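K.L.:
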C-alpha cells in the first residue's frame, strides 16, 4: 500500500512539473514574440529555456529601459555583465547583459556587439550595479563605456599592460610580479621561463629523453 501511494504521489508530482514547464515554455515563446516586435531589439529566441535577445550598440539604452519598464517584462534586476572575445571578426566583442524578472520568474540575456575600439553606452543610470560589472569588462577586455562615473581597472593595477581575457593576450603575461627580499617591496620584472617549459608537450621535462 505504501509503495502504491508513493508511486501515485510521484506521478502526480511528475505531471505537475511537466505542466508547469509547458506553461513556462509557452510564456517564454509569447514573451519572445513580444520582444521581437520592439524596435530596439533585433530578435529574441528561446534556447534551453533561456530568453536570448540581441540589440545594436546604438539601441542598447532603449532596449535595457524597455526590458526594465515594460509591464510584460519587468526585468528589474541586473545579474551580471560579461563579454566574449572573437578576434577573427570585425565586431570583436560580444557583451552580454544578464537580467532577471522577479515578478515573472524569467531570465534573459541581452547581447550586443562592439568593435575593438568602439565604446558602449553605460547603463549605470539604469542599474547602479552595472558600475562594477562594466569596470570588470573594461579591465579584462578593454571595452570602454561612455558616461561611466569612474571607468578604472577594478581587478588589476592601473599600469597593467594589456587585457588578460582577450584571446591574443600572451598566456605567460607581459611581466611577473613578486616580492623582493632585497628591496623589501613588490617589484615587476620581465617574464622568465626555463627553456624546458617553453615547449609544452606530453613528455615531462623531468623525464630523461
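Numbering (the working numbering), first residue to last: 5 to 213. Glycine is no exception: its CB is placed at the ideal position from the N, C-alpha and C atoms. Keep in mind it's a predicted model, so treat the numbers as computed, not measured.
What is the rounded straight-line gap between the Cα of residue 50 and the Cα of residue 171?
P.N.:
What you label residue 50 is simply residue 46 of the chain shown in a count that begins at 1. What you label residue 171 is simply residue 167 of the chain shown in a count that begins at 1. Roughly 28 Å between the two C-alpha positions.
K.L.:
Between the Cα of residue 162 and those of 142, 100, 127, 111, spot the shortest distance and give me the residue it belongs to.
P.N.:
Along the chain shown, read from residue 1 onward, the residue named residue 162 stands at position 158. Looking at the Cα atoms, 142 is the closest of the given residues.
K.L.:
For the region 104-113 and the region 73-85, state whether three or more C-beta atom pairs, one from each stretch, are separated by less than 8 Å.
P.N.:
They touch, by the three-pair rule.
K.L.:
Among 135, 66, 167, 91, which has the Cα closest to the Cα of residue 84?
P.N.:
Within the chain shown, the letter at position 80 stands for residue 84. Among 135, 66, 167, 91, the Cα nearest to that of residue 84 belongs to 135.
K.L.:
Around the C-beta of residue 93, are 16 or more other C-beta atoms found within 10 angstroms, so that it is buried, or is it exposed?
P.N.:
Position 89 of the chain shown, counted from the first residue, corresponds to residue 93. Label assigned to residue 93: exposed.
K.L.:
My understanding is that residue 169 touches residue 145, with C-beta atoms under 8 Å, so please give their C-beta distance in whole angstroms.
P.N.:
Taking the chain shown and counting its residues from 1, the one referred to as residue 169 is at position 165. Taking the chain shown and counting its residues from 1, the one referred to as residue 145 is at position 141. Contact holds; Cβ gap of about 6 Å.
K.L.:
Look at residue 60 and residue 46 and say whether their C-beta atoms are less than 9 Å apart.
P.N.:
What you label residue 60 is simply residue 56 of the chain shown in a count that begins at 1. What you label residue 46 is simply residue 42 of the chain shown in a count that begins at 1. Cβ atoms of residue 60 and residue 46: closer than 9 Å.
K.L.:
Who does residue 50 pair with in a DSSP beta bridge?
P.N.:
Numbered from 1 along the chain shown, position 46 holds the residue referred to as residue 50. Its beta-bridge partners are 55.
K.L.:
Does DSSP classify residue 194 as helix, strand or coil?
P.N.:
In the chain shown, the residue the question calls residue 194 occupies position 190. Strand.
K.L.:
Going by C-alpha to C-alpha distance, which of 67, 127, 101, 117 sits closest to residue 89?
P.N.:
Here residue 89 is taken as the residue at index 85 of the chain shown, counted from 1. The residue with the shortest Cα to Cα distance from residue 89 is 117.
K.L.:
Considering only the alpha carbon of each residue, which of 54, 101, 185, 127 lies closest to residue 151?
P.N.:
Within the chain shown, residue 151 is the residue found at index 147, counting from 1. The option with the nearest alpha carbon to residue 151 is 127.
K.L.:
What is the residue span of the beta strand (DSSP E) that residue 112 lies within?
P.N.:
Here residue 112 corresponds to residue number 108 of the chain shown, with the count starting at 1. Residues 110-118.
K.L.:
Under the DSSP definition of a beta bridge, which residues are partnered with residue 100?
P.N.:
Translated into the one-based positions of the chain shown, residue 100 becomes position 96. Residue 100 is bridged to 86, 115.
K.L.:
Go ahead and pull the three-state DSSP assignment for residue 151.
P.N.:
For this step, residue 151 is matched to residue 147 along the chain shown. Three-state DSSP puts residue 151 in coil, outside helix and strand.
K.L.:
So what's residue 44 in DSSP terms, helix, strand or just coil?
P.N.:
Here residue 44 refers to the residue found at position 40 when the chain shown is read from its first residue. Residue state, collapsed to three classes: coil.
K.L.:
Since residue 188 and residue 180 should fall inside the 8 Å C-beta cutoff, what is the C-beta to C-beta distance between them, to a whole number of angstroms?
P.N.:
To locate residue 188, count along the chain shown from 1; it is residue 184. To locate residue 180, count along the chain shown from 1; it is residue 176. About 18 Å; that fails the 8 Å criterion.
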